[in-house]
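What follows is one structure encoded as structure tokens, with my remarks underneath.
Residue numbers (my numbering): 17 to 222.
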């Protein structure tokens, strides 16, 4: 036995597979959390507890992954409940519910803002509800700083470099001692480490 199973290339390949499994598990967990919160909200509504149901909907709206239907469904129900409170004359409750809609959308920002139409609707309604009765112009709402497109691009570039370089290592390419191939392996190691460092750094700054 020469211990080939513990070569750097195999270790890098295992790390790459572990990362993929982690991301897959995290995605599935968020999807299941979104469905669970929606079901909880439906149950609480049936039991006559709209306040708790609304809180469950806010949790569902924040459980965002691309392609999940649950955040949009939650935002739609939250908007309906906010409008209902406004129509019943419960201005404070309506305003707080629209603020919850706004917070939920902003919490899922990345390169873009998913469900931005709900964000715009919530901000219009909040401005309307906060307008002084004298008809003076309402103070505009301030949004948190949007993610920088440059930082997002660098973060994505770091991830691509990290994964592609690790894939080269995992494939065994460059394991030969022939000069050209040994340079390929060295470049793959440098790319893997540099890509990981870039991804971590941009994650902290974004």
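Cβ atoms here follow ideal geometry from the backbone N, Cα and C, with glycine treated the same way.
> By the 10 Å Cβ neighbour count, where 16 or more other Cβ atoms means buried, how is residue 177 classified, buried or exposed?
Replying inline: Taking the chain shown and counting its residues from 1, the one referred to as residue 177 is at position 161. Buried, by the Cβ-count rule.
> Which ranges would you report for the alpha helix (DSSP H) in the stretch 47-100 if only whole runs of at least 4 residues count?
Replying inline: 66-78
>> Within the continuous alpha helix (DSSP H) that includes residue 139, where are the two ends?
In response: For the purposes of this step, residue 139 is taken as residue 123 along the chain shown, with counting starting at 1. First-last of the alpha helix (DSSP H) with residue 139: 132-145.
> Should residue 59 go down as buried or exposed, given a rule of 16 or more other Cβ atoms within 10 Å for buried?
Replying inline: Here residue 59 is taken as the residue at index 43 of the chain shown, counted from 1. That one is exposed.
> Under 8 Å between the Cβ atoms of residue 54 and residue 76?
Replying inline: Numbered from its first residue, the chain shown carries residue 54 at position 38. Numbered from its first residue, the chain shown carries residue 76 at position 60. Yes. Within cutoff.
> What's the gap between the Cα of residue 165 and the Cα of residue 89?
Replying inline: Position 149 of the chain shown, counting from 1, holds the residue named residue 165. Position 73 of the chain shown, counting from 1, holds the residue named residue 89. Between residue 165 and residue 89, the C-alpha separation is close to 28 Å.
>> Does residue 153 pass the burial test, meaning 16 or more other C-beta atoms within 10 Å, or should it be called exposed?
In response: Locating residue 153 in the chain shown gives position 137, where the first residue counts as 1. The predicted model places residue 153 with a pLDDT of 49, which falls under 50 and marks its position as unreliable, so this point remains unresolved.
> Between 202, 126, 138 and 206, which lies nearest to residue 94 when the distance is taken from Cα to Cα?
Replying inline: Locating residue 94 in the chain shown gives position 78, counting from the first residue. Closest option to residue 94, Cα to Cα, is 138.
>> Helix, strand or coil for residue 153? Go by DSSP, reduced to three states.
In response: Numbered from its first residue, the chain shown carries residue 153 at position 137. Per-residue confidence for residue 153 stands at a pLDDT of 49, beneath the threshold of 50, marking its modelled position as unreliable; no derived number is given.
>> Any heavy atom of the ligand ADP inside 7 Å of the beta-carbon of residue 146?
In response: With respect to the ligand ADP, the structure offers nothing, as it holds no ligand at all.
> Hey, residue 211 and residue 181 are a contact pair by Cβ (cut 8 Å); roughly how many whole angstroms apart?
Replying inline: What you label residue 211 is simply residue 195 of the chain shown in a count that begins at 1. What you label residue 181 is simply residue 165 of the chain shown in a count that begins at 1. The Cβ separation is near 6 Å, so the contact holds.
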